[in-house]
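Shown next, in structure tokens, is the structure this report addresses.
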Amino acid sequence: MQRQEAIKVMLVDDQTMIRQGFGYVIGLQDDMQLVGEASDGQEAAALTAELRPDVILMDIQMPRMSGIEATQAIMEQWPETKIVILTTFDDQDYIYEGIRAGAVGYLLKDAEVESMLETVRSAFRGEAVYKSKLAANALLRMASSGTALPASEKKSPLPEPLTEREQQILQEMAYGLRNEQIAQKLFITEGTVKSHVHRILQKFGCEDRTQAVVIALRSGMVD
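Residue numbers (this note's numbering): 1 to 223.
This is the structure in structure tokens:
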């Protein structure tokens, strides 16, 4: 019997075997509940309205409506939903488009079971799930192109504004620079950078810098 606080998960993939495999594993978890399955983007959007899942594992390439299009449609109506895109290939273009559409992360279909489960839990907690080098490159590509994510809010989401120095450091974080690189560029010590990054993460309510950058990009706080 599922506990009330179980994470409600929906699977969206046009391959039945993928849904069955993921669904079986999810069904074994005490903290998760498989609430629905869809085989294409249109069905996913309709089921989201009915089932209101917490986390959606969304395939990219599907008939009728792609996972990217479905993600955009769902995020416009239910922005609180956490969507993780599923892909067979660790492709920067897919990650880039997923970020732009509003996904909080991505997962390879051949990922280890524990990696899949941790991705679902991380997404539910509101954490961005972009851990690979290609994901970092996708964020850098978005930042350097000046492309903002299609989110409804275009203002700072922070209860306390960033200082001028914090804003500078956040911008460099968006360009993918490490602490030591930021220190060299801004002519400050690495320890000072670490202190500012810690304060930035506190203001964003994030556990890692990638999540803060994603929020900043969506909100138009960096260019």
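From the three backbone atoms N, C-alpha and C, an ideal C-beta is built for every residue, glycine too. Just so you know, these numbers come straight off a predicted model, no measurement behind them.
Span of the beta strand (DSSP E) around Y106 | Here residue 106 is taken as the residue at index 106 of the sequence shown, counted from 1. Per DSSP, Y106 belongs to the beta strand (DSSP E) from G105 to L108.
Who are the Cβ neighbours of H196 in its own chain at under 7 Å, not counting the five residues just before and after it?
-> On the sequence shown, residue 196 is found 196 positions in, with the first residue counted as 1. Taking H196 as the centre and dropping the five residues before and after it, the same chain places the C-beta of R165, E166 and I169 closer than 7 Å to its C-beta, in chain order.
Which partner residues of I56 appear in the DSSP bridge assignment?
-> Looking up residue 56 in the sequence shown gives position 56. Paired residue(s): M10 and I83.
Local conformation of T147 per DSSP, three classes = The sequence position of residue 147 within the sequence shown is 147, counting from 1. Interpretation of T147 is limited by its pLDDT of 49, a score under 50 that renders its predicted location unreliable; the figure taken from the coordinates is listed afterwards. The three-state reading of DSSP puts T147 in coil, since its state is none of H, G, I, E or B.
Thinking C-alpha only, which one of A216, E207 and F22 is nearest L162?
-> As a position in the sequence shown, residue 162 is number 162, starting the count at 1. Selected option, being the one with the closest Cα: A216.
What residue does the alpha helix (DSSP H) around L186 start on, and which one ends it?
-> The residue labelled residue 186 in the question sits at position 186 within the sequence shown. Its alpha helix (DSSP H) spans residues N179 to L186.
When DSSP builds the beta bridges, which residues end up paired with Q33?
-> Here residue 33 corresponds to residue number 33 of the sequence shown, with the count starting at 1. According to DSSP, Q33 bridges with K8.
For D14, verify whether its CB is less than 8 Å away from any heavy atom of the ligand FAD.
-> Ligands are entirely absent from the displayed structure, and the ligand FAD is therefore not among its contents.
Spatially closest choice to S219 from Q42, H198, I99 and F187, by CA coordinates | In the sequence shown, the residue the question calls residue 219 occupies position 219. Looking at the Cα atoms, I99 is the closest of the given residues.
Rank L186, E160, E180 and I188 by C-alpha distance to the C-alpha of Q202 and give the top, closest one.
-> Locating residue 202 in the sequence shown gives position 202, where the first residue counts as 1. Nearest C-alpha to Q202: E160.
Would you mind reading off the limits of the alpha helix (DSSP H) that contains T163?
-> The sequence position of residue 163 within the sequence shown is 163, counting from 1. Here T163 belongs to no alpha helix (DSSP H), and DSSP marks it neither H nor E.
Check whether the Cβ atoms of R199 and M173 sit closer than 9 Å, and answer yes or no.
-> For the purposes of this step, residue 199 is identified with residue 199 of the sequence shown, where counting begins at 1. For the purposes of this step, residue 173 is identified with residue 173 of the sequence shown, where counting begins at 1. Not a contact, by the Cβ cut-off of 9 Å.
Identity of the residues DSSP links to A228 by a beta bridge | The displayed coordinates of the chain run from 1 to 223. Any statement about residue 228 would go beyond what the structure contains.
Is V25 helix, strand or coil by DSSP?
-> As a position in the sequence shown, residue 25 is number 25, starting the count at 1. Of the three classes helix, strand and coil, the one that applies to V25 here is helix, per DSSP.
Since P63 contacts D14 with CB under 8 Å, what's their CB separation in whole angstroms?
-> In the sequence shown, residue 63 corresponds to position 63, counting from 1. In the sequence shown, residue 14 corresponds to position 14, counting from 1. Yes, they are in contact, since the Cβ atoms of P63 and D14 sit about 6 Å apart, within 8 Å.
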